[in-house]
Amino acid sequence: MDILYKVFIDPFLQMGTAPDLLVQTLWEGLVAGVLYALIALGFVLIFKASGVFNFAQGIMVVFAALTLVGLHEHGIPAYVALALTIGVMFLLAYGVERLMLRPLVNQPDIILFMATFGLTYFLIGFGELLFGGESKVMIAEQLGLPRGAIDVKMLGGFVAFQRIDIAAAIIASVMVAALAIFFQKTRIGRALRAVADSHRAALSVGISLEQIWVIVWFAAGLVALVTGIMWGARSDVSFALEIIALKALPVLILGGFTSIPGAIVGGVIIGIGEKLGEFYWGPLLGSGIESWLAYVIALIFLLFRPQGLFGERIIERI
Amino acid sequence: MLYREVGQFKANYSADQAVFPILQDRMGLAVILFVAVVLIPYFGNGFFIQAVMIPFLIFSLAAIGLNLLTGYTGLLSLGTGAFMGVGAYACYKLTTYFPGVNILIWVIASGFFSAAVGVVFGLPSLRIKGFYLAVATLAAQFFLSWCFIRIPWFYNYNTSGAIEVPTRTLFGTPVTGATATNTTRYFVVLAIVVVMTVIAANIVHGRIGRMWMAVRDMDLAAELIGIRLLQTKLLAFAVSSFYCGVAGALLVFLWYGGAEPAVFDVNLSFFILFMVIIGGLGSLVGSFFGAALIFVLPIVLRYLPPKFGMPIQAATVEHIQFMTIGALIVLFLIVEPAGLARLWQIAKQKLRVWPFPY
Amino acid sequence: MRAPGGPEVAVGDVLLAVENVSLSFGGVKAVSDVSFDIRRGEIRAIIGPNGAGKTSMLNVINGFYTPQRGRITYKGETRRKMRPHDAAYGGIARTFQNVALFRGMTALDNIMAGRTLKMHSNLIWQMLRFGPAMREEVEHRRRVEEIIDFLKIQEIRRVPVGRLPYGLQKRVELGRALAMEPDLLLLDEPMAGMNLEEKEDMSRYILDVNDHYGTTIALIEHDMGVVMDLSDRVVVLDHGIKIADGTPSHVKSDQAVIDAYLGVAH
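Here it is as structure tokens:
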């Protein structure tokens, strides 16, 4: 009886009696969700355009952030370092296309998926080799990102909105909108969607697969860079981020693997769900439940909708 | 001509259905067993046995477990590390409560606990397929990892959070704990791994193996020939987790001598998965190949450069290990997606006609 | 069974009957209010232009698809939907338009897989591969070899089916279906993509299965010549509706059928 109270009644009571805390938690969940969504966005880009589930997206986030900070540590001014990092991400995209995607062009998706495992571990080793394993501080100030918080008096208490969080939310929204327009309206966007549907068909209408792949991996690299900057600005840059990136999986499950708006919705649901769960039910179970809560949430969703929230119902024709 | 199977006729179906119908295969197996049972313990030094042979065998067992699930049944699992952990902790608790019982019995029994957990986390496989199922196994991995840290009962309320293996004996000889010798532990591990490999081979060559492969290749058609999907998939989870659980128990009790929860994290899951991928999905022999490559390679990387006069820092070695493994995976997938097992088959094919080219 | 060259002879009782079956996917009506029956021992053809709903009909019989309306009566038992497992254990076997073989396995293993529902030895014996498990393997291997001999695929037993040419794959698939010892065999375009010689072989096998084993056969086929030669009765679908049902000669001269095929009989 007592346990039922603790699980089903008490947390909601807490939410009700301290609404400012609730809003705070919701906000933090929203921001975390936006960042998850950005990682998921990188996945979606690559999956939409090449059918490859890029497991390495998480490490790309870390790698991009580390490159930026690493360059700056060597005395290069912030914006120059940013430009150079963009260049590095382009090189990475080019390298991946030439060395990994081209040789594997007609292989089934599962093989490409596993190849991205290899890419992940390679980048982990490479990144650690180049930049060392300790966590670093993101050069947020030097990039002109705001600091400090805005305290809003509301609902009987204070809710602190970190400026960097607001900036992250805005930047993420802009990015998503830009990408959505890019996919829908431009010629290249159309070509990307064609490639996602069928490599062979796209080839037969003259689309250069190689170019498309470089473009899309570069775009994912840019998204990774933005994600890395935002995430690093809120907490440090370290390889632990890689595991956090695995969280993008539950986001993708909810939002579907090919939907850009889905990635946002999924990210927000997971982010808020996680934060609420951690804050209100966490004390009941012990700390650290955010390491698995997202997966369990996604799992429960999957049981009701095996294709995810936004995914297409798979009708197998046989 | 070495591998010529022409002329080896089978007079009845049971001979033809044998797991190793070809004479050369049986001879090769005998040689390997001889090396394993006689030569290695006699000639190998303690370090080799402790740092190479024992873990190689244990990881091969785990790789076989994962192969049964992912390679034969087509269910991608990223929870191998956690299932190994369940076996290890189950064994620990069992021997804590019943120290008088033979430790080997507990090692095998812990496999059943792992199997039960595997079945629970395999239940979603009725509704969920492919990548999505991998998420269910990730949920298992992260949840169980959290349990290993957060539930002090698992590690007997030890303040450090780690478990230490008590000394247990077999026929009077210590097999676990600080007093057990390398050779003793090697023989125990070898015996268990050999027996369980034989059993896996038997299962895979029979009705159950065919059911699993049918589910992997086309589950709709499998349903049509009367295969019950849920039972078949759950059986795969159960048997696979059993093998992983035993491997986990062996890892802690007969190799490390102790464990922290971090041992059974998601990285272990990935390592075993890499072994299976590189070794060859759907091949038991491949599991051994994969374990050999993924496990032995880092050791080679660590100890070879100093021999050539190039000192390398320990941390750098680890970085290079990751890079090499990553690059190897991509390379293998490009060159031979079916892994080392397929390369081995091709080699045997060449041996069939050698010295002729075809 | 067919009296050679003569009029159709009524064969056995009704083995399977579908009544008023309607099936739609989203907004698309695949099958509308279709009823027909299949008699024990006959060869029943289901024909019609592309998109007529023939494969969907087979899928309903098999239990893949659940019809929104209608009933299926099999061996006297009526139900709203068939479950694939019940279909298999009830003696319904099937081949597919796009050869649904288990590509990772050899031809022999594929056909052995078809024996699954007849094999019962449990896990323990399987682990030991001894005693009951081995005896079962050998006994079923014997039966499978009979099928292999019947279909003349001895040389390709151990070849992974992915490597076989299309015609041989279809034969292996037929073998797997036969291994189930079905009472009702559903063949979805068994002759598709075959040349004349292969078609003749396949026709011979189908007739032999019907004669030797007494298996009732329902087949979807486009080749009119094959349909006329092989089948006892024909049901014609067009756009999901049944437009004719009767003997081959009757159906061939039916105006509605001719119109459906735009006047082209072959």
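Going down the list, the protein sequences come from chains E, R and D.
Position 115 (the first sequence) corresponds to 114 in numbering that gives the first Met the number 0; numbering is contiguous.
Position 168 (the second sequence) corresponds to 167 in numbering that gives the first Met the number 0; numbering is contiguous.
Position 167 (the third sequence) corresponds to 166 in numbering that gives the first Met the number 0; numbering is contiguous.
Ideal placement from N, C-alpha and C gives every residue a C-beta, glycine not left out.
Which two residues bound the contiguous alpha helix (DSSP H) that contains residue i?
| i | result |
| --- | --- |
| residue 201 of chain R | 181-204 |
| residue 197 of chain E | Premise fails: residue 197 of chain E is in no alpha helix (DSSP H) and is neither H nor E. |
| residue 223 of chain D | 223-229 |
| residue 210 of chain E | 208-233 |
| residue 40 of chain R | 39-42 |
| residue 16 of chain R | It is not in any alpha helix (DSSP H) - residue 16 of chain R carries neither H nor E in the DSSP assignment. |
| residue 37 of chain D | Unbroken run through residue 37 of chain D is the beta strand (DSSP E), 27-38; no alpha helix (DSSP H). |
| residue 56 of chain D | 53-61 |
| residue 59 of chain R | 53-65 |
| residue 85 of chain D | 83-89 |
| residue 139 of chain D | 131-150 |
| residue 277 of chain D | Residue 277 of chain D lies beyond the residue range present for chain D, which begins at 0 and ends at 265; the question has no answer from this structure. |
| residue 71 of chain E | 56-72 |
| residue 178 of chain R | Run containing residue 178 of chain R: none; DSSP gives neither H nor E here. |
| residue 113 of chain R | 102-121 |
| residue 249 of chain R | 228-250 |
Quick one: what's residue i bridged to in DSSP?
| i | result |
| --- | --- |
| residue 21 of chain D | D:68 |
| residue 186 of chain D | D:94 and D:218 |
| residue 76 of chain D | D:73 |
| residue 44 of chain D | D:218 and D:233 |
| residue 169 of chain R | R:172 |
| residue 160 of chain E | E:149 |
| residue 257 of chain R | R:163 |
| residue 135 of chain E | E:236 |
| residue 159 of chain D | D:105 |
| residue 15 of chain D | D:37 and D:73 |
Taking residue i as part of the beta strand (DSSP E), name the residues at either end of that continuous run.
| i | result |
| --- | --- |
| residue 242 of chain D | 240-245 |
Kindly list the residues whose CB is nearer than 6 angstroms to the CB of residue i, restricted to its own chain and excluding five residues on each side of it in sequence; keep chain order.
| i | result |
| --- | --- |
| residue 172 of chain D | 94, 98 and 100 |
| residue 223 of chain E | 41, 59, 60 and 63 |
| residue 179 of chain D | 92 and 113 |
| residue 58 of chain D | 64 |
| residue 95 of chain E | 216 |
| residue 283 of chain E | 5 |
| residue 173 of chain R | 166 and 179 |
| residue 262 of chain E | 36, 39, 40, 43 and 254 |
With a Cβ-Cβ cutoff of 8 angstroms, do residue i and residue j count as a contact?
| i | j | result |
| --- | --- | --- |
| residue 266 of chain E | residue 15 of chain E | no |
| residue 66 of chain E | residue 87 of chain E | yes |
| residue 47 of chain D | residue 29 of chain D | no |
| residue 28 of chain E | residue 271 of chain E | yes |
| residue 272 of chain R | residue 196 of chain R | no |
| residue 160 of chain E | residue 148 of chain E | yes |
For residue i, which residues of its own chain have a beta-carbon under 7 angstroms away from its beta-carbon, when the five flanking residues on both sides are left out?
| i | result |
| --- | --- |
| residue 341 of chain R | 279 and 335 |
| residue 215 of chain E | 44, 45, 48, 49 and 191 |
| residue 147 of chain R | 84, 88, 153, 260 and 263 |
| residue 118 of chain D | 135 and 139 |
| residue 139 of chain R | 78, 81 and 120 |
| residue 69 of chain D | 17, 18, 19, 20 and 21 |
| residue 204 of chain D | 150 and 173 |
| residue 250 of chain R | 57, 83 and 87 |
Excluding five sequence neighbours on each side, which residues of the same chain lie with their C-beta closer than 8 angstroms to the C-beta of residue i?
| i | result |
| --- | --- |
| residue 124 of chain R | 74, 132, 135, 229, 232, 233 and 236 |
| residue 5 of chain D | Confidence at residue 5 of chain D is low in this model, with a pLDDT of 37, below 50, so the placement of that residue is unreliable and no value is reported for it. |
| residue 241 of chain R | 64, 110, 111, 113, 114 and 117 |
| residue 174 of chain E | 37, 40, 222 and 225 |
| residue 108 of chain E | 50, 51 and 52 |
| residue 187 of chain E | 181, 211 and 214 |
Any heavy atom of the ligand NAD closer than 7 angstroms to the Cβ of residue i?
| i | result |
| --- | --- |
| residue 300 of chain E | Of the ligands one can find in the structure shown there are none, so the ligand NAD has no counterpart to examine. |
Check: Looking at chain R, which residues of the region 57-70 of chain E have a Cβ within less than 9 angstroms of any of its Cβ atoms?
Finding: The region 57-70 of chain E vs chain R, Cβ under 9 angstroms: nothing.
Next item on the list: Can you give me, in chain order, the residues of the region 98-118 of chain D that have a beta carbon less than 7 angstroms from any beta carbon in chain R?
Entry: For the region 98-118 of chain D, residues whose beta-carbon sits nearer than 7 angstroms to a beta-carbon of chain R comprise 99, 101, 102, 103, 104, 108, 111, 112, 113, 115, 116 and 118.
Check: Taking Cβ-Cβ distances below 9 angstroms as the criterion, which residues of the region 328-339 of chain R are in contact with chain E?
Finding: Only 328, 329, 330, 331, 332, 333, 334 and 336 from the region 328-339 of chain R bring a Cβ to less than 9 angstroms from some Cβ of chain E.
Checklist line | Interfacial residues, the region 91-115 of chain E to chain R, with Cβ spacing under 7 angstroms | finding: The region 91-115 of chain E vs chain R, Cβ under 7 angstroms: 99, 102, 103, 106, 110, 113 and 114.
Next item on the list: Residues of the region 126-142 of chain D with a CB closer than 8 angstroms to any CB of chain R: list them in chain order, please.
Entry: From the region 126-142 of chain D, only 126, 127, 128, 132, 133, 135, 136, 137, 140 and 141 have a Cβ closer than 8 angstroms to chain R.
Next item on the list: With 8 angstroms as the limit, tell me which residues of the region 289-302 of chain E have their beta carbon closer than that to any beta carbon of chain R; keep them in chain order.
Entry: Listed by position, the residues of the region 289-302 of chain E near chain R (Cβ gap below 8 angstroms) are 290, 291, 294, 295, 297, 298, 301 and 302.
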